[in-house]
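Enquirer: First to last, the protein sequences are chains A and B. According to numbering that gives the first Met the number 0, the first sequence holds residues 0 to 851 in order. According to numbering that gives the first Met the number 0, the second sequence holds residues 0 to 218 in order. Structure incoming, see below.
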Amino acid sequence: MRLFKYFILQLFNNRNFTILFILNLSFGLCSFVTLDIFKSSINYSLKSRSKVLLGADFGLSARRPITDKEIESINEAETNNLRTTMVEIFSMVAGPSSKSKLVQIKAIDGSFPFYGEIKLKSNTNEIYNGSTKNLTIDRKVWIYPELLTLLDVKIGQKIKIGQSEFLVDAIVESDNAEGVSTTMAPRVYIGLPYVKDTELLKFGSVAWYTQLFKFPMLSNSQLDEFKDSIEKALTSPELKIYTHENVSEQSARILKYLNDFLGLVSIAALFLAAIGGAFLFRSYLFKQLKFFGVYLSLGMSLKKIIFNQTLQLLLLGSIGSILAILFGYLLTPFLDFFTKDILPFALQKSIEPKTLGLILLLGCIGSVLIGLPLITQLNNIKPSILFSSKSNNLLTKNAWYWVAFIPGLIFLWVLSVWQSNSWQTGTLFTFLFLGAGVIISVVAYLFLKLLNILPSSKTLSLNWAIRDLSRFPLASISIFLSIGLGMLLLNLIPQIKASINYELSMPKDSKLPSFFIFDIQEEQLDPLIKISKDFKVNLNQTSPMVRARLLTVNNKEFSKMKLKNKTATREEERQQQSRNRGYNLSYREDLGIGETIIEGRAFSGTYDESGSELPEISVEKRFSKRVGLKIGDILEFDIQGVNIKGKVINLRKVRWTTFQPNFFIQFQPGVLEQAPKTFLSSIPKLNPSIKQSFQDEVVKILPNVSIIDVSRLVERIKKIIDHMSFALQFMTIICLIAGFLVLFSIANYQARQRSSDIALLKSLGSPFKTIQSYFLWQFGLLTFFAGIFGVGLCFIMSYFMSKLLFDSNWILDIKTPALSITLLILVSMAITSIATSQFLRIKPTKLLDNQS
Amino acid sequence: MILKTSNLLKTFTQGSSQIHAVNNVNLNIKPGETIAITGKSGSGKTTLLSLLTGLDSATSGEIDILGCKITKMSEKELGSFRADNIGIVFQQFHLMPHLTALENVSLALEIAGANNIAEKATLALETVGLKERINHLPSELSGGENQRVAIARAIVNNPKILFADEPSGNLDNVTGETVMNLLFDLTKKNNMTLILVTHDQQLALRCDRQINIINGIIQ
Numbered sequence: 000m001r002l003f004k005y006f007i008l009q010l011f012n013n014r015n016f017t018i019l020f021i022l023n024l025s026f027g028l029c030s031f032v033t034l035d036i037f038k039s040s041i042n043y044s045l046k047s048r049s050k051v052l053l054g055a056d057f058g059l060s061a062r063r064p065i066t067d068k069e070i071e072s073i074n075e076a077e078t079n080n081l082r083t084t085m086v087e088i089f090s091m092v093a094g095p096s097s098k099s100k101l102v103q104i105k106a107i108d109g110s111f112p113f114y115g116e117i118k119l120k121s122n123t124n125e126i127y128n129g130s131t132k133n134l135t136i137d138r139k140v141w142i143y144p145e146l147l148t149l150l151d152v153k154i155g156q157k158i159k160i161g162q163s164e165f166l167v168d169a170i171v172e173s174d175n176a177e178g179v180s181t182t183m184a185p186r187v188y189i190g191l192p193y194v195k196d197t198e199l200l201k202f203g204s205v206a207w208y209t210q211l212f213k214f215p216m217l218s219n220s221q222l223d224e225f226k227d228s229i230e231k232a233l234t235s236p237e238l239k240i241y242t243h244e245n246v247s248e249q250s251a252r253i254l255k256y257l258n259d260f261l262g263l264v265s266i267a268a269l270f271l272a273a274i275g276g277a278f279l280f281r282s283y284l285f286k287q288l289k290f291f292g293v294y295l296s297l298g299m300s301l302k303k304i305i306f307n308q309t310l311q312l313l314l315l316g317s318i319g320s321i322l323a324i325l326f327g328y329l330l331t332p333f334l335d336f337f338t339k340d341i342l343p344f345a346l347q348k349s350i351e352p353k354t355l356g357l358i359l360l361l362g363c364i365g366s367v368l369i370g371l372p373l374i375t376q377l378n379n380i381k382p383s384i385l386f387s388s389k390s391n392n393l394l395t396k397n398a399w400y401w402v403a404f405i406p407g408l409i410f411l412w413v414l415s416v417w418q419s420n421s422w423q424t425g426t427l428f429t430f431l432f433l434g435a436g437v438i439i440s441v442v443a444y445l446f447l448k449l450l451n452i453l454p455s456s457k458t459l460s461l462n463w464a465i466r467d468l469s470r471f472p473l474a475s476i477s478i479f480l481s482i483g484l485g486m487l488l489l490n491l492i493p494q495i496k497a498s499i500n501y502e503l504s505m506p507k508d509s510k511l512p513s514f515f516i517f518d519i520q521e522e523q524l525d526p527l528i529k530i531s532k533d534f535k536v537n538l539n540q541t542s543p544m545v546r547a548r549l550l551t552v553n554n555k556e557f558s559k560m561k562l563k564n565k566t567a568t569r570e571e572e573r574q575q576q577s578r579n580r581g582y583n584l585s586y587r588e589d590l591g592i593g594e595t596i597i598e599g600r601a602f603s604g605t606y607d608e609s610g611s612e613l614p615e616i617s618v619e620k621r622f623s624k625r626v627g628l629k630i631g632d633i634l635e636f637d638i639q640g641v642n643i644k645g646k647v648i649n650l651r652k653v654r655w656t657t658f659q660p661n662f663f664i665q666f667q668p669g670v671l672e673q674a675p676k677t678f679l680s681s682i683p684k685l686n687p688s689i690k691q692s693f694q695d696e697v698v699k700i701l702p703n704v705s706i707i708d709v710s711r712l713v714e715r716i717k718k719i720i721d722h723m724s725f726a727l728q729f730m731t732i733i734c735l736i737a738g739f740l741v742l743f744s745i746a747n748y749q750a751r752q753r754s755s756d757i758a759l760l761k762s763l764g765s766p767f768k769t770i771q772s773y774f775l776w777q778f779g780l781l782t783f784f785a786g787i788f789g790v791g792l793c794f795i796m797s798y799f800m801s802k803l804l805f806d807s808n809w810i811l812d813i814k815t816p817a818l819s820i821t822l823l824i825l826v827s828m829a830i831t832s833i834a835t836s837q838f839l840r841i842k843p844t845k846l847l848d849n850q851s
Numbered sequence: 000m001i002l003k004t005s006n007l008l009k010t011f012t013q014g015s016s017q018i019h020a021v022n023n024v025n026l027n028i029k030p031g032e033t034i035a036i037t038g039k040s041g042s043g044k045t046t047l048l049s050l051l052t053g054l055d056s057a058t059s060g061e062i063d064i065l066g067c068k069i070t071k072m073s074e075k076e077l078g079s080f081r082a083d084n085i086g087i088v089f090q091q092f093h094l095m096p097h098l099t100a101l102e103n104v105s106l107a108l109e110i111a112g113a114n115n116i117a118e119k120a121t122l123a124l125e126t127v128g129l130k131e132r133i134n135h136l137p138s139e140l141s142g143g144e145n146q147r148v149a150i151a152r153a154i155v156n157n158p159k160i161l162f163a164d165e166p167s168g169n170l171d172n173v174t175g176e177t178v179m180n181l182l183f184d185l186t187k188k189n190n191m192t193l194i195l196v197t198h199d200q201q202l203a204l205r206c207d208r209q210i211n212i213i214n215g216i217i218q
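As structure tokens, then:
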């Protein structure tokens, strides 16, 4: 360690390298820091509000009333408790002028909430804490403010919910129980005793029955144990059992997926920084070889040199990490931009000590891995290096050089899996990213070869630039790769967004419906058809829906899945969600809109009860993967106490973006017709002038039918996509800055290395402008073609992603690529000018210095 | 006169004191003449060369080359003047490491805006005896060969004056002598003026005139 001071001095003497390497690393890492602060701030904000979010410590929910026996189980397990009952229903409400809107009705008793409060605003704009007891003694409602205009209602007027009228008592000013908002249905609070009057709780209605508990004697960890014991006691798959912390985690689910993708973009930034870092370190190491020769000649062992060189990298990594934490923290104010419409509360910025440690670790490991392949080459150095004038050729690439890349690749893969919380996504990302990297590098190589055979231009500086690009292949390919990948990522998100937005924007040829209708009782079908006929439209894809529980698969019990720990992957989470739900079954003979059979055969027609065959079942492809179903599996369902078996005969692909009634599991006709059911349907595109009156008419005649205005839903989805893509693009811009830093580092390094060449050109009579243009041409050409290729690759990737992942048509968005390439050229020109300016002013007398 | 200087002065500031690296130098050099500038290390001979080639600017005084006052020229004019009229050979060769011998020589022609670049560069390399090595990179050539490429680059534009700064300083005796023979032959053959900076007295004696410089002053 005593000798390390010489290696520190070495860094001081190579300040240019030291500064650029640290900056590269810190930019590569700062997106990780911002993201981690984002994650921990959301977790902290939600966790600190988890009790008020639920309004209780613990809850039980189901799509049926919670039984007395189930409540008794809780009472037996923990006698010291307080309980409140709640029913949540999605339903239409109508204002005094018959204007209607889908809302989320929360029917509560006087004990709700145990934690937090609902702040109300009166007629006189007075803000006060609402007492839920008031709702239980009179037929009153508290409504969310947006309903004032949507229903054209005022405080003191009445609104119609189902079959009953309620007086608007107050406006909800702030609601602690509001979590991460992705729903488009504003909330209405009513008293639990009056929910019966609405007659909304008919069979098959989309309603959740909840029992909430307060356990004054249980700590958070005891609550988790309590939950485990209750899950063992209450095994009904329809039952959701949760603690307040589960609710806060669940409410951040939409942000979890966003964070996963942001994490992957952060890795891209780190990867680009690694390219720049590796280039800088390589150049730096070559410069140090003579000194290593001196150390060796003085008796220092090679091991010590390698050890100290590694320590140097660790030191640079640590400084880079600390700077990254600083940069990352400075970027946190931007987080509010993309959470302001999703989170109903201000994000409390929090940085955990874990984050600091993690970034430090990432920086140190990352730096060492960047330098590892080159460090392995140091094994070849001999003291005789001092007698050689060609030190660059002394580091010959042996097998270890290539082997030393493997830890870096494994590191990239582990990071990807960790950030995406998914083996599948992480592995796919690693392969796609490396694949894109390899393709870009090969194209860069071919591009350089092509430049070599181009006829010479009349412009001298352009000629030199073209020639020299291929003479410095490592620098050229590094820049091409960094800029190409950066541009690919930067354009990929808007490109996919354009395709999804087009799909959602209801173009003229769109088959998207105007309304999606659910909770239709059998006897309401005819009146609904009549209303539709009055408005000269036909109901689309009217489908029966039967609630069922999956009991067995191939005669084996289909059990509820419990996640082993908090570090479950997204695949496990999805599998758990798919396995833990009651299922909605349907039946139809032919394929519906947006459905295609991709494996197996179509239904053979109506089920023949007299035959020996089992009824035929069709399963949605992705769902079959999550639950583990395949063609030939025999499924047994419990439908209102009647067990029905069926055999999977095909797997279907469903385009969910059609917003048509579609189901994961469908039976052939002739099996479920007698089962109790409700119906779903959609109304094709309506003229905007009659849309509202159609909805109001349905609510007037069939008040407990629920209607989703698809265009409003689409607007909501588009807004969320906008926020998400803003967040992703924000992260990608950091990624591109890392790419620009690579450009700066390489341009600066090349100009420094070639200062003698610049002086020579001057001594030969070349004007300053020609030399400056030469550098601008060189880096301008590289970034332009890298940008063009990155964008081209983005078109190809976005095409396949739109088709395969998002099931949407591919739309070419030319605006963003054009703008990004123009900006790229301008920025790269500016960067090249700044990076090279100090060396372009070199005096040609440098050539007469014999020490040069 | 092909080159004339009057009261040439170059001063450097070192701390609080001023050092006259070139002090009141007056030179008159005829066309075709070979001149050796000699002196000990630090005597100012390289500074004088940098002023004569226009690579550095004088503190005061005038330099007249081929009737042009280069001390009055802008950077741009100087560059153009050098490209057309002056050849320089450096001790460290200063070849572009990523360019072949042919490309290194072509560079001077390209900057001067010449025609038939490939032919002229090949001919220059042939003249210095490197016809077979034109496509080699400097790293693939010996020290003597590198210096011959540098000489080819310096003469390819047929300059009127050739400046050489210790051209054999980085070479062994035998190679150095070969290179110097080549340089003298070429200047004689092309009737060029040669201004040679050297500390080698034997070499200096081969020139028509020797100028000894001590502390920036011509003796």
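For every residue, glycine included, the Cβ atom is placed at its ideal position computed from N, Cα and C.
At 3 residues or longer, what runs of the beta strand (DSSP E) sit wholly inside the stretch 584 to 613 of chain A?
Expert: 594 to 599
Enquirer: Using 8 Å as the limit for Cβ to Cβ distance, is Ala443 (chain A) near chain B?
Expert: no
Enquirer: State the Cα-Cα distance for the pair Leu480 (chain A) and Leu447 (chain A), rounded to the nearest angstrom.
Expert: 13 Å
Enquirer: What does Arg81 (chain B) reach in chain A if we use C-beta pairs closer than 8 Å?
Expert: Ser762, Leu763, Gly764
Enquirer: Could you tell me the distance, in whole angstroms, from the CA atom of Leu792 (chain A) to the CA atom of Leu487 (chain A)?
Expert: 7 Å
Enquirer: What does Gly78 (chain B) touch in chain A if you count any residue whose Cβ is under 7 Å from its own?
Expert: Lys761, Gly764, Ser765, Pro766
Enquirer: Just the chain B side, please: which residues come within less than 8 Å of Lys842 (chain A) by C-beta, in chain order?
Expert: Leu54, Asp55
Enquirer: According to DSSP, which residues form a beta bridge with Tyr241 (chain A)?
Expert: According to DSSP, Tyr241 (chain A) bridges with A:Gly58.
Enquirer: Quick check on Val704 (chain A): does DSSP put it in helix, strand or coil?
Expert: coil
Enquirer: Taking the alpha helix (DSSP H) that Ala838 (chain A) belongs to, which residues open and close that run?
Expert: The sequence given here has Phe at residue 838 (chain A), not Ala. Residues 814 to 839.
Enquirer: Going by the CB atoms, is the gap between Leu735 (chain A) and Gly485 (chain A) shorter than 8 Å?
Expert: yes
Enquirer: CA-CA distance, Ser851 (chain A) and Leu357 (chain A)?
Expert: Only weak support is given to the placement of Ser851 (chain A): the predicted model assigns it a pLDDT of 40, under 50, and the question is left unresolved by the model.
Enquirer: Have a look at the DSSP bridge pairing and note the partners of Ser320 (chain A).
Expert: Under DSSP, Ser320 (chain A) shares a beta bridge with no residue.
Enquirer: Ser15 (chain B) versus chain A: which residues are under 7 Å apart at the beta carbon?
Expert: None at all; the shortest Cβ gap to chain A is about 24 Å.
Enquirer: Report yes or no: is there a C-beta of chain E within less than 8 Å of the C-beta of Leu459 (chain A)?
Expert: Any reference to chain E falls outside this structure, whose protein chains are A and B.
Enquirer: For His223 (chain B), write down the residues that DSSP places opposite it in a beta bridge.
Expert: Residue 223 (chain B) lies beyond the residue range present for chain B, which begins at 0 and ends at 218; the question has no answer from this structure.
Enquirer: Any C-beta of chain A sitting closer than 8 Å to the C-beta of Met0 (chain B)?
Expert: no
Enquirer: Alpha carbon to alpha carbon, what distance is there between Ser542 (chain A) and Thr181 (chain A)?
Expert: The predicted model places Thr181 (chain A) with a pLDDT of 49, which falls under 50 and marks its position as unreliable, so this point remains unresolved.
Enquirer: List the residues of chain B that Ile470 (chain A) touches, going by C-beta distances under 8 Å, in chain order.
Expert: The sequence shown places Arg at residue 470 (chain A), rather than the Ile named in the question. Scanning chain B for C-beta atoms nearer than 8 Å to the C-beta of Arg470 (chain A) yields His97, Leu98, reported in chain order.
Enquirer: Please go through the same chain and pick out, in chain order, the residues whose beta-carbon is closer than 7 Å to the beta-carbon of Glu598 (chain A), but skip the five residues on each side of it.
Expert: Ile630, Asn649, Leu650
Enquirer: Could you tell me the alpha carbon to alpha carbon distance between Ile1 (chain B) and Val127 (chain B), rounded to whole angstroms?
Expert: Each residue's alpha carbon lies about 26 Å from the other.
Enquirer: Please return the same chain residues whose Cβ sits closer than 7 Å to the Cβ of Tyr43 (chain A), not counting the five positions on each side in sequence.
Expert: Gln347, Ser349
Enquirer: Could you tell me which of A:Glu612, A:Gly581, A:Pro683 sits nearest to Ser531 (chain A), measuring between CA atoms?
Expert: A:Pro683
Enquirer: Using a Cβ cut-off of 7 Å, pull out every chain B residue sitting near Ser755 (chain A), in sequence order please.
Expert: His93
Enquirer: Please list, in chain order, the chain A residues whose beta carbon lies closer than 8 Å to that of Ile69 (chain B).
Expert: Simply none; closest approach about 12 Å.
Enquirer: May I ask you to verify whether the stretch 121 to 140 of chain A touches the stretch 658 to 675 of chain A, counting CB pairs closer than 8 Å and requiring at least 3?
Expert: no
Enquirer: In the structure shown, what three-state DSSP assignment does Ser130 (chain A) receive?
Expert: coil
Enquirer: Assess, as a yes-or-no matter, whether the stretch 759 to 768 of chain A is touched by the stretch 805 to 824 of chain A under the definition of 3 or more beta carbon pairs within less than 8 Å.
Expert: no
Enquirer: Going straight from the alpha carbon of Phe534 (chain A) to that of Glu71 (chain A), what length do you get?
Expert: 52 Å
Enquirer: Would a check of beta-carbon distances place Asp467 (chain A) closer than 8 Å to chain B?
Expert: yes
Enquirer: Less than 8 Å between CB atoms is the rule here; does Glu74 (chain B) satisfy it with respect to chain A?
Expert: yes
Enquirer: Can you tell me whether DSSP reads Ala216 (chain A) as helix, strand or coil?
Expert: In the sequence on display, residue 216 (chain A) carries Met and not Ala. It is coil, neither helix nor strand.
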